[in-house]
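Residue numbers (the working numbering), protein chains in the order written: chain A, 1 to 288; chain B, 1001 to 1234.
1) If we ignore side chains and look at the alpha-carbon of each, how far apart do residue 1187 of chain B and residue 1005 of chain B end up?
2) Determine the direct distance from the alpha carbon of residue 1108 of chain B to that of residue 1205 of chain B, and round the result to whole angstroms.
3) Please list, in chain order, the chain B residues whose beta carbon lies closer than 7 angstroms to that of residue 180 of chain A.
4) Run down chain A in chain order and give the residues with a C-beta less than 8 angstroms from the C-beta of residue 1154 of chain B.
5) Mapping the DSSP letters down to three states, classify residue 1206 of chain B as helix, strand or coil.
6) Can you find a C-beta in chain A that's less than 8 angstroms from the C-beta of residue 1104 of chain B?
7) Could you run through the stretch 154-188 of chain A and flag, in chain order, every residue whose CB is less than 8 angstroms away from some CB of chain B?
8) If we count the other Cβ atoms within 10 Å of its Cβ and call it buried at 16 or more, is residue 1083 of chain B buried or exposed?
9) Can you look up residue 259 of chain A in the DSSP assignment and give me helix, strand or coil?
10) For residue 287 of chain A, is the classification buried or exposed, using 16 other Cβ atoms within 10 angstroms of its Cβ as the cut-off for buried?
11) Whose C-alpha, out of A:100, A:188 and A:258, is nearest the C-alpha of residue 34 of chain A?
12) Give me the chain A residues within the contact set of residue 1044 of chain B, using Cβ-Cβ distance strictly less than 9 angstroms, ordered along the chain.
13) State the DSSP-derived secondary structure class of residue 1012 of chain B, mapped to helix, strand or coil.
14) When DSSP labels each residue in this structure, what does residue 199 of chain A get in the three-state scheme?
15) Less than 8 angstroms between CB atoms is the rule here; does residue 288 of chain A satisfy it with respect to chain B?
16) Taking only three categories from DSSP, how would you classify residue 1032 of chain B?
17) Applying the 10 Å Cβ sphere with the 16-neighbour rule, what's the burial state of residue 1143 of chain B?
18) With 16 other CB atoms within 10 Å as the buried threshold, where does residue 85 of chain A fall?
19) Start and end of the alpha helix (DSSP H) containing residue 281 of chain A?
20) Just to confirm my understanding: we take residue 12 of chain A, look at its own chain, exclude 5 residues before and 5 after, and list those with CB closer than 6 angstroms. What are they?
21) How about the stretch 1152-1170 of chain B and the stretch 1124-1141 of chain B: do they share at least three Cβ pairs that are nearer than 8 angstroms?
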């Protein structure tokens, strides 16, 4: 039963990993930008949530109404003000600039918040759980996180495949030059994509902060989990990303069950196996 | 005297150090169809790209209805009513046929072209509107590319290598549709390697050779020997 429990808990944490991954995948898909600062932006969101919760006294969930739009606006500004200038034929400038951004965010957080570990309080949610039989308990917060992750993926899927802006995202991703001839302003579309990505990042940051402690150096590990979930699931497939997150979560939970020190290692090993056997991921986007 | 719709003056265009166009000047009057012919690498596509906003060129080197549009980003140029059917169709592969057409129409410029009108012009596109654009045949893809460009209700339309890689029977169909495509607008430019076709539809012809205009005239004023000399530079 311990093993079943490990799998169940792994699936739930996988939802969080899918949230880490979705924004990353979206940005890469639309503008071929690998955002090295993605993990740090997740942590930044958690800190912003910490501040706004203290300032307004709102609870964890309601506070999303503040953090999500804030991060979306930041994303649009970041894209229009900085990242658009790095995009071109060469993939190196965006890598370097977002790497620099990552260092700036980490050090900025360090100097303002110190290196102390923080946590977002979620009141009764923190400890509530319910039994599902067989001695397995499901935490309410992990379950909410998972459901929101599924909801976010479904929403992104809808935006991408059933709205004009999603159509513009896909067209720009296919052929930016012809997209411009069709009247699509790439800079604006990229701004919208980053806004959407950071809105998801905000949700990810809030639930990360509620689930575990975080400090200014927590970002890079989240970036890694996000990357692994994207690669396992297959680039350009949102439901695949969710599956990738779940597989990573389950692998880590089973690893931890075998030996506490194996938690992260098991996740990396599964990632490496997928990369070696199915380099395009388990559920690659179907081409043409 | 007819109104000059498009005026290109003393246009030089560069790819880095490489100069692709040298002091090119031309104009298109209202209702005219200008054919641009020339060998590979003569600068035909560069000329169209310069007009469409895909090259960095001085503002006053391209005037549209008297207003400078040179060097504007392509998404601004199309808002002013100039559109390009790019070489090799370049449909969006992850979009369906209908989505490709809708992308062309998302500027919502007013005019006669709607999804229905495009489907009337090319009925085969209606039958296949749900399939990915890349699963169309070459000719159908060209129809889709033309339809996509028309959806922006352009005043001025440019076709780059409209018949390249298509079967002769398909080319015939496409050219049969061209008059009704062009009639709604104020003018058109056709870049074409098939000189016979180009001369049939054009009211005026320009030949480019190594980035310079080597010949200009009306189709019936030009004989084969003159064209061939301007084309190959012999």
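Where a beta carbon is used, it is the ideal one built from N, C-alpha and C, also for glycine.
So, from the data block:
1) For this step, residue 1187 of chain B is matched to residue 187 along the second chain. For this step, residue 1005 of chain B is matched to residue 5 along the second chain. If you take the alpha carbons of residue 1187 of chain B and residue 1005 of chain B, they lie about 7 angstroms apart.
2) As a working note, residue 1205 of chain B is residue 205 in the second chain. As a working note, residue 1108 of chain B is residue 108 in the second chain. Roughly 32 angstroms between the two C-alpha positions.
3) Locating residue 180 of chain A in the first chain gives position 180, counting from the first residue. Chain B residues near residue 180 of chain A: 1073, 1074 and 1075.
4) Within the second chain, numbered from 1, the residue matching residue 1154 of chain B stands at position 154. Per Cβ cutoff of 8 angstroms: no residues; residue 1154 of chain B is ~11 angstroms from chain A at best.
5) As a first step, residue 1206 of chain B is located in the second chain; it is residue number 206 there, counting from the start. The answer is strand: DSSP assigns residue 1206 of chain B an E or B state.
6) Position 104 of the second chain, counted from the first residue, corresponds to residue 1104 of chain B. Interface residue, yes.
7) 164, 167, 168, 170, 171, 173, 174, 175, 177, 178, 179, 180, 181, 182, 183, 184, 185 and 186
8) On the second chain, residue 1083 of chain B is found 83 positions in, with the first residue counted as 1. That one is buried.
9) In the first chain, residue 259 of chain A corresponds to position 259, counting from 1. DSSP places residue 259 of chain A in coil when its eight states are reduced to three.
10) Translated into positions along the first chain, residue 287 of chain A becomes position 287. Annotation note: pLDDT 48 at residue 287 of chain A (below 50); position unreliable, coordinate value reported separately. Under this definition residue 287 of chain A is an exposed residue.
11) Here the question's residue 34 of chain A lines up with position 34 in the first chain. Selected option, being the one with the closest Cα: A:100.
12) In the second chain, counting from the first residue as 1, residue 1044 of chain B sits at position 44. Here the premise fails: no neighbours, minimum Cβ distance about 17 angstroms.
13) On the second chain, residue 1012 of chain B is found 12 positions in, with the first residue counted as 1. If DSSP states are grouped into helix, strand and coil, residue 1012 of chain B belongs with the strands.
14) Position 199 of the first chain, counting from 1, holds the residue named residue 199 of chain A. If DSSP states are grouped into helix, strand and coil, residue 199 of chain A belongs with the helices.
15) Here the question's residue 288 of chain A lines up with position 288 in the first chain. Only weak support exists for where residue 288 of chain A lies, its pLDDT of 35 falling under 50; the value from the coordinates is given anyway. True, the Cβ-Cβ gap to chain B drops below 8 angstroms.
16) The count along the second chain starts at 1 and reaches residue 1032 of chain B at position 32. Note: residue 1032 of chain B maps to coil in three-state DSSP.
17) Numbered from 1 along the second chain, position 143 holds the residue referred to as residue 1143 of chain B. Label assigned to residue 1143 of chain B: buried.
18) As a working mapping, residue 85 of chain A is identified with position 85 in the first chain. So residue 85 of chain A counts as exposed.
19) On the first chain, position 281 is the one that residue 281 of chain A refers to. No alpha helix (DSSP H) contains residue 281 of chain A, which DSSP labels as neither H nor E.
20) If you number the first chain from 1, residue 12 of chain A lands on position 12. Counting only Cβ-Cβ distances below 6 angstroms, and skipping sequence neighbours, we find 142 and 146.
21) yes
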